[in-house]
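Undergrad: Going by UniProt numbering, 41 is the number at position 41 of the sequence shown; the sequence numbering is gapless. Note that beta-carbon positions come from the ideal geometry of N, C-alpha and C, so glycine has one too. Handing you a structure now.
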Amino acid sequence: MFVKDHTCNIDGFHARLRQANSWTIGELLAPKLQVHGHSLKPKDIIVEMQVEHGLHLLYSKAWRANDHAEASVFDPPEESFKLLPAYCHRLEEVNPGTITTLKKIYYKSV
């Protein structure tokens, strides 16, 4: 049966189904990631967002939010690899007798 005039309160409906996109959730996670220095598991993110913000997340959204938080806090992996030669040099300097070797392996993309 169609009812032309609705009497339900839309504010109550939206409050029960609060959502945020993965970018916003990632921004909320980024400061925690900086403090802890490691990523949270998606299940931990789901629980944290439920408790702290009343958000109900799917696992995939928690995963994407974690990816966004990592990207905003940590340098891309390519930047870390650029530091390896200096790290190896320092290892040899601090630990006499240590020999380090770096080898680049190139993979063909399919």
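1) In terms of residue numbering, what span does the alpha helix (DSSP H) encompassing Gly26 cover?
2) Is Ala62 close to the ligand SAH? I mean its beta-carbon at under 7 Å from any heavy atom of the ligand.
3) According to the Cβ coordinates, are Trp63 and Pro42 closer than 8 Å?
4) Would you grab the beta carbon distance between Glu92 and Thr98 for me? Rounded to a whole angstrom, and I think it's under 8 Å.
5) In the DSSP assignment, find the unbroken alpha helix (DSSP H) run with Phe81 in it and report its ends.
TA: Answer, in terms of the structure:
1) Segment Ser22 to His36, the alpha helix (DSSP H) holding Gly26.
2) This structure lacks the ligand SAH, and indeed carries no ligand of any kind.
3) A contact, by the Cβ cut-off of 8 Å.
4) Taking C-beta atoms under 8 Å as the contact rule, Glu92 and Thr98 qualify, at a distance of about 5 Å.
5) First-last of the alpha helix (DSSP H) with Phe81: Pro77 to Lys82.
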